[in-house]
Every structure is written in C-alpha cells, then in structure tokens.
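Residue numbers (this note's numbering): 15 to 345. C-beta atoms are modelled at their ideal positions from N, C-alpha and C, and glycine is treated no differently. Quick caveat, the model's predicted, so the values are computed rather than measured. Here the structure comes first, spelled out in structure tokens, and everything after it is commentary.
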C-alpha cells in the first residue's frame, strides 16, 4: 500500500477533527501542521510522531515528499492556501465553501486544471450513504419537480459556524445536494433571513430556488435549538425529493439511534458525519477521506463534487445571501 503524505493548514476545531480521523486510516503520514499560530499548530499535533510544525505555508508547499494539502483555514483564506498548494503540485482538499467570491473560486478551478491535481471541496454529504442512495434512486421517481432540504442546529454551535453567511457556510451543504439531485441550473434565487440572536450573521435562513428545468427547491437552515434541549433537538437534518412519479426522503436527527442501559440510562449514539466504529471513521467524513486517499493511490475514480460544481454551489449560495440582504436593506 502506497503511503500518502499530508499537510493540514489550519489548526482550529476542524483541523483537529481531520487529524483525529486521519490517524485512524492506514498508510497516512500527517507530515505537517501549519497555522499562523505555532502554539495552536503544536496543540493539534500533540500525540503525532514525526509531524512538523510551521507557520510558513511556503515551507509546506516546498516539501517534495508531500502529496496533498488539507485546507481548513477561515473561509476567506481558502484561495490563498489552496492556490499555492495546487501551483506547487499538491492535491488539495478544501473545506466548503470552495471560496467566498466567484473570482477566488474561478482562480482555484483554473489552478486545478493547470496543475492536473485533484481539488476536492469537502461536501461530505455526497459520501453519506443515505443521501448517496437517494441520488441513485432518482430514476424511480421520474422528473424531479420539488426538493426541500433542511438543517437545524443547537444555537451554542453558531459561534463555530458564523464566520460567514449561513447560506455559504452551512446551507451550502444542502445547496450542493439540491444541485446534484435536480441537475439543472438555478435561474432565480430568493433568500429570506432573520437575525434573532443578535449575531453578525443571520441565524434563520430560507432560500427558494427556481431552476431552468422548472423544478423548485427550498433550502432552510437555522441555529435556534436551545443548548439544554432534549437530545433529539440538538440537530436535525434531511431532504425530501418529489418527482412526477414518486417521492424520496432522508431524515435523521440526534436521537435517530438510541439505547437504554441500567447503568448509563439512555444513550444517544453518534450519527454525525464524524461517527466512528471499531475506532475507525465510518461516518460520511471518514468515507470522504478514504475516497480521497484511494484516488491519490490510483485505486478509485474520483466521484466527489467537482471544482466546477463547488463553484456553482457558491454562486447559488451568494445569490441567496445577496437577495436576502437586498430585502433587509429595503425595509
């Protein structure tokens, strides 16, 4: 088995999650942790052997033994890091969104084409077997006419995901799914947002999408569940796809699988994308990483979101954010 050498750029919460999941995969060498804060980088690297710490991205990209770079920086730095890595001949995973502007996204698409390297945007729901199975069953419901995708979370998590507009940060997962299912271009986008928690970005977001093939989709996300809510109200997500010959639906929440014991009482088991089984990442996140690694080893053909698809998701998310902002400005 070919060893794959990786660098993680960004030592925040998601950088830590990548390290934890990659440690459980065989044949992986986490060669670098890079962050503007050496202290944060060292914290993420604790427990790793032979991992180098740096604040200098140029040093990382100059490493000829490095195969790929994982970009988990703040969203507005995605282009700078991913573009430099691609130009240095490295494969790249970049957390969603691909970028925060159309110009930056196009630059990354161009850099990937020029380098011939794999550029994966981390739309992990395509690797969740439920959503993937739904996509495989679409032929059974005829022409897709209507899609409703929703994503609701505990408000205590909002600080982690509020660096940019929720349409770009969180709902873009569902936008990617909707585009994957409908397979048509969005011609109009109508955004409706409210800021009920007094944060910089809105915590209630509804988007209505009109497609060139006359399909309609609704994308909804909020951050209003109270932190002390029952486990089933910490988060719930799902999608319903209606065709002219049937309906397909995926739905799950934080108590979708439960167990009760005399010693521990009720246990709510992890069903998130980061779930592990037998100490291996088996959720959508782990499946995405395994697929990326297999592609680098030449063991699999890439089937994730293409750079062009990631750029289209950004275009639609931006349309929704701008439309909702125009409504706020006019009131």
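Taking every protein chain shown into account, the CB of residue 45 has 16 or more other CB atoms within 10 angstroms, so this residue is buried.
Residue 215 sits buried, since 16 or more C-beta atoms from the chains shown fall within 10 Å of its C-beta. Boundaries of the alpha helix (DSSP H) harbouring residue 180: 180 to 183, taken from the DSSP string. An exposed status is given to residue 317, since fewer than 16 other beta-carbon atoms sit within 10 Å of its beta-carbon. Rounded to the nearest whole angstrom, the C-alpha separation of residue 302 and residue 324 is 15 angstroms.
In the three-state reduction of the DSSP assignment, residue 26 falls in the coil class. When the alpha-carbon of residue 79 is set against those of 200, 299, 20 and 96, the nearest one is in 20.
Under the three-state reduction of DSSP, residue 163 is assigned to strand.
Every alpha helix (DSSP H) stretch that sits fully inside the segment 176 to 262 and reaches 4 residues is listed by chain position as 180 to 183 and 186 to 196.
At the C-beta level, residue 63 and residue 25 stay beyond 8 angstroms of one another. In this structure, residue 264 places its C-beta atom within 8 angstroms of the C-beta atom of residue 144.
Looking at the backbone, the Cα of residue 108 and that of residue 87 are separated by about 9 angstroms. In the DSSP annotation of this structure, the continuous segment of the beta strand (DSSP E) that includes residue 133 starts and ends at 133 to 135. Scanning the segment 65 to 91 for uninterrupted beta strand (DSSP E) segments of 3 residues or longer gives 66 to 68 and 82 to 85, listed from N- to C-terminal end. In chain order, 81, 82, 131, 132 and 310 place their CB closer than 7 angstroms to the CB of residue 105, counting only its own chain and leaving out the 5 sequence neighbours on each side.
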